[in-house]
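K.L.:
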Amino acid sequence: MGRGLYRHSETIAMVRYEKNSMLLAKDEYDLRGYQPAFEKLPTHAEWVEWHRIHGSESLSQAEWEAWRQANGHD
Numbered sequence: 059m060g061r062g063l064y065r066h067s068e069t070i071a072m073v074r075y076e077k078n079s080m081l082l083a084k085d086e087y088d089l090r091g092y093q094p095a096f097e098k099l100p101t102h103a104e105w106v107e108w109h110r111i112h113g114s115e116s117l118s119q120a121e122w123e124a125w126r127q128a129n130g131h132d
C-alpha cells in the first residue's frame with residue numbers, strides 16, 4: 059500500500075509506493091485510506107526543507123518524527 063509523503067497542493071498528494079511515487083488527488087487519497095491523513099501531510103516546501111536538513115528520502119517526515127519520539131529525541 060502507498061504512503062503519503064507531502065501535499066503537492068491543497069488537492070493533490072505525493073504518494074510513495076514500493077518502487078515509485080505518484081501524484082494523487084485528495085479524494086482518491088482519502089478513498090484509498092492512505093496514511094498519514096491528508097491534512098497531516100507536510101507541504102512540499104516543508105518536505106524539501108526537512109530533507110535538505112536531514113538528508114534522507116527513505117523516510118517520510120511523519121516516520122522520521124515517530125522515530126525521533128520513539129528514540130527519546132525532541
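Residue numbers for the sequence shown follow this note's numbering, so the first one is 59 and each next one is one higher. A virtual CB, placed ideally from N, CA and C, is assigned to each residue, including glycine.
1. Residues bridged to Ser67 by DSSP?
2. According to DSSP, Ala83 sits in a beta bridge with which residue or residues?
3. According to DSSP, Gly60 sits in a beta bridge with which residue or residues?
4. Using 8 Å for Cβ pairs, my map puts Lys98 next to Ala120. What's the rounded Cβ distance?
5. Taking buried to mean at least 16 other C-beta atoms within 10 Å of its own C-beta, is Met59 buried or exposed?
6. If you count every other CB in all the chains shown that lies within 10 Å of the CB of Tyr92, and 16 or more means buried, which is it?
7. What does the alpha-carbon distance come out to for the pair Glu76 and Asp88?
P.N.:
Let me spell this out:
1. As a working mapping, residue 67 is identified with position 9 in the sequence shown. According to DSSP, Ser67 bridges with nothing at all.
2. Sequence index remark: in the sequence shown, residue 83 carries index 25 (1-based). DSSP lists Ile70 as partners of Ala83.
3. Taking the sequence shown and counting its residues from 1, the one referred to as residue 60 is at position 2. DSSP, once it has assigned bridges, lists no residue as partnering Gly60.
4. The sequence position of residue 98 within the sequence shown is 40, counting from 1. The sequence position of residue 120 within the sequence shown is 62, counting from 1. Confirmed, Cβ separation roughly 7 Å.
5. Stepping through the sequence shown from its first residue, residue 59 is reached at position 1. That one is exposed.
6. What you label residue 92 is simply residue 34 of the sequence shown in a count that begins at 1. Its Cβ being crowded by 16 or more others within 10 Å, Tyr92 is buried.
7. As a position in the sequence shown, residue 76 is number 18, starting the count at 1. As a position in the sequence shown, residue 88 is number 30, starting the count at 1. Between Glu76 and Asp88, the C-alpha separation is close to 19 Å.
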